[in-house]
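Okay, so the sequence shown: first residue is 1305 according to this note's numbering, each after it adds one. Yeah, the Cβ is synthetic: ideal placement off N, Cα and C, and Gly gets one too. This report refers to the structure that appears directly beneath it.
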Amino acid sequence: MDEMENRLARLPGALLPWYRENRRVLPWREEVSAYRTWVSEIMLQQTRVAAVIPYFQRFMAAYPTVEDLAACDEGELMRLWAGLGYYSRARNLRRAARVIAEEYGGAFPRTYQELMELPGVGDYTAGAILSIAFGEPVPAVDGNVLRVAARVGGCELDILDSKNRRQFRRRMEAVMPRQEPGAFNQALMDLGAGICLPGGGPLCDTCPAADFCAAREQGRQRELPVRAPKKEKRLEEKTVFLLLGPEGTALRQRPDTGLLAGLWEYPHVPGRLTEEQAARQLRQWGLTPRAWLRQMDARHIFTHIRWEMTGYLVQVEGLGPADWLWADEARRQRLAIPSAFDQFTRALPAEGD
């Protein structure tokens, strides 16, 4: 057993008592089940806990069982998910729910391999379900856990490298406790989320692993974990059209694959158009601008892309392309419109104004 493993092996004894006293109160922990654990972990991917809580509660009210989710309408699911982003997560939840309902009779598979075959389930989510819901000693290694393990063990491997992440997983697998593996994984999550913070901000004085943490001993909290520089996000510039017609606001549906697949959006084109250029674009769509009401700018950042947008709020005559939908406020609220367009949605006048 090397020095890193010696240090990591002390984590269960330190973290489990700490977790019993300091665990976060979260709705998916109040009533533990494989279904609730799965849904919460999918929602928590790339999304803050505070943002997930109300979505999780609404989701469970709408789809209390995996069978309910399997039978749900995709449009209604997308509307419920709107604002959480990364919409492929919701589609994969529904696809996986159908597999569980049809192939497993509504009972969650209980092996790592079977879980990994479900759409949208990766190593971390499978480990969380197995350990938390079924008490299996399987690690659940996410960014928080990687940070804790790298600092406690004093490891200088790049945690963004997939080969190194597999090595970290093997390290954590070797120290998983047979008793309370779910509590141990959740303790690691809580430690990483609340104490062993990114950058130079870990709260070492309150950390239950402080006595055997290599980074603290060596004063290297700011250096660990090691991360290779990220690629710069690709810039995409767009002009968004908020078009007001007699029957409502113009919307169109995105393709079934790719970014924001299948969701509804305001018509837009590449580039930042001047008002004159925007007027030409409207005429190409068969529309006549009657009043230019407002111009605004907005930005939205995805994982690898940054959208910089100029928007025009315009009263128009005409119907536009045949695949457009003109939706009044009530209908618009029933459709799944990505949060990328929230600033434009808020700029729309209320009906009756």
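Reduced DSSP secondary structure (H/G/I, E/B, other) of residue i
| i | result |
| --- | --- |
| Ile1609 | strand |
| Thr1510 | helix |
| Pro1593 | strand |
| Trp1332 | helix |
| Glu1569 | strand |
| Trp1322 | helix |
| Asp1560 | coil |
| Ala1444 | coil |
Extent of the continuous beta strand (DSSP E) to which residue i belongs
| i | result |
| --- | --- |
| Arg1538 | Arg1538 to Gly1549 |
| Arg1556 | Gly1552 to Gln1557 |
Assigned exposure category for residue i - 16 Cβ within 10 Å defines buried
| i | result |
| --- | --- |
| Thr1543 | buried |
| Met1420 | exposed |
| Ile1605 | exposed |
| Gly1615 | buried |
| Asn1448 | buried |
| Ala1519 | buried |
| Pro1571 | buried |
Which listed residue (the options) has its alpha carbon closest to that of residue i
| i | options | result |
| --- | --- | --- |
| Gly1379 | Leu1577, Glu1655 and Gln1557 | Gln1557 |
| Ala1497 | Gly1624, Arg1451 and Gln1417 | Arg1451 |
| Arg1610 | Lys1537, Gly1575 and Glu1569 | Lys1537 |
| Arg1482 | Gly1615, Leu1567, Gly1503 and Pro1443 | Pro1443 |
| Ala1313 | Gln1599, Arg1584, Phe1488 and Gly1562 | Phe1488 |
| Ile1404 | Tyr1391, Glu1418, Arg1393 and Arg1395 | Glu1418 |
| Arg1455 | Lys1467, Phe1472, Glu1440 and Ser1466 | Phe1472 |
| Arg1526 | Glu1551, Leu1547 and Cys1500 | Cys1500 |
| Val1370 | Arg1393, Gly1389 and Ala1338 | Ala1338 |
| Ile1436 | Glu1307, Ala1491, Gln1581 and Met1382 | Ala1491 |
| Leu1384 | Thr1649, Ser1643 and Thr1429 | Ser1643 |
Where the alpha helix (DSSP H) through residue i begins and ends
| i | result |
| --- | --- |
| Thr1649 | Asp1646 to Ala1651 |
| Val1343 | Ala1338 to Leu1348 |
| Gln1522 | Ala1518 to Gln1522 |
| Arg1638 | Glu1633 to Arg1638 |
| Ala1497 | Pro1485 to Gly1498 |
| Val1573 | Unbroken run through Val1573 is the beta strand (DSSP E), His1572 to Pro1574; no alpha helix (DSSP H). |
| Arg1470 | Ser1466 to Val1479 |
| Phe1706 | Residue numbering for the chain in the displayed model covers 1305 to 1657; residue 1706 lies beyond these limits and cannot be assessed. |
| Thr1429 | Asp1427 to Ala1432 |
| Val1449 | Gly1447 to Gly1457 |
| Val1370 | Val1370 to Ala1374 |
| Tyr1416 | Tyr1416 to Met1420 |
| Arg1327 | Looking at the DSSP string, Arg1327 is not in any alpha helix (DSSP H), and its letter there is neither H nor E. |
| Arg1314 | Segment: none, Arg1314 is in no alpha helix (DSSP H) and carries neither H nor E. |
Cross-strand partners of residue i (DSSP beta bridge)
| i | result |
| --- | --- |
| Ala1602 | Met1613 |
| Leu1281 | Coverage of the chain is limited to positions 1305 through 1657, which leaves residue 1281 absent and any answer about it impossible. |
| Glu1380 | The partner list for Glu1380 (beta bridge, DSSP) is empty, contrary to what the question assumes. |
| Glu1621 | Thr1592 |
| Trp1630 | Ala1554 |
| Val1530 | Asp1462 |
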